[in-house]
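The block underneath contains the structure these notes are about, expressed in structure tokens.
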Amino acid sequence: MSADIQHIRNVQAYRELLAILQKPYQDVCQVCEGTGKLSNAHVCLSCKGSGSRWLKLI
């Protein structure tokens with residue numbers, strides 16, 4: 000029974016790894032394209048003005 004559970008965990012980990020690798024890591028906010036601002040007066044709400052977007056792995 001333990002071998003069956005380990006196999007299921009390995010398959011799940013493999014699927015999660017594939018899902019992560021199929022999407023390229025992006026460190027630039029897609030909304031403001033890394034500038035941190037939507038216009039001269041407005042800060043981007045998506046990245047809160049940093050211009051960066053972090054990939055959440057879990």
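Going by numbering that gives the first Met the number 0, the first residue of the sequence shown is number 0, and it counts up by one from there. All residues carry an ideal CB built from backbone N, CA and C; glycine is no exception. Here the structure is a predicted model, which is why all the values come from computation and not from measurement.
Note down, in chain order, each residue of its chain lying with its Cβ closer than 7 Å to the Cβ of V28, except the 5 sequence neighbours on either side. Residue 28 sits at position 29 when you count from the first residue of the sequence shown. It should be noted that the sequence gives Cys, not Val, for residue 28. Here the set comprises C43, S45, C46, G50, S51, R52.
Would you kindly check if the distance between the Cβ of G35 and the Cβ of G48 is under 7 Å? Working through the sequence shown from its first residue, we reach residue 48 at position 49. Working through the sequence shown from its first residue, we reach residue 35 at position 36. Contact: yes.
Could you tell me the alpha carbon to alpha carbon distance between E15 and I7, rounded to whole angstroms? On the sequence shown, residue 15 is found 16 positions in, with the first residue counted as 1. On the sequence shown, residue 7 is found 8 positions in, with the first residue counted as 1. Each residue's alpha carbon lies about 12 Å from the other.
Excluding sequence positions up to five away, which residues of its chain have a Cβ less than 8 Å from the Cβ of C31? Locating residue 31 in the sequence shown gives position 32, counting from the first residue. So the list reads L37, C43, S45, C46, G50, once near-sequence residues are dropped.
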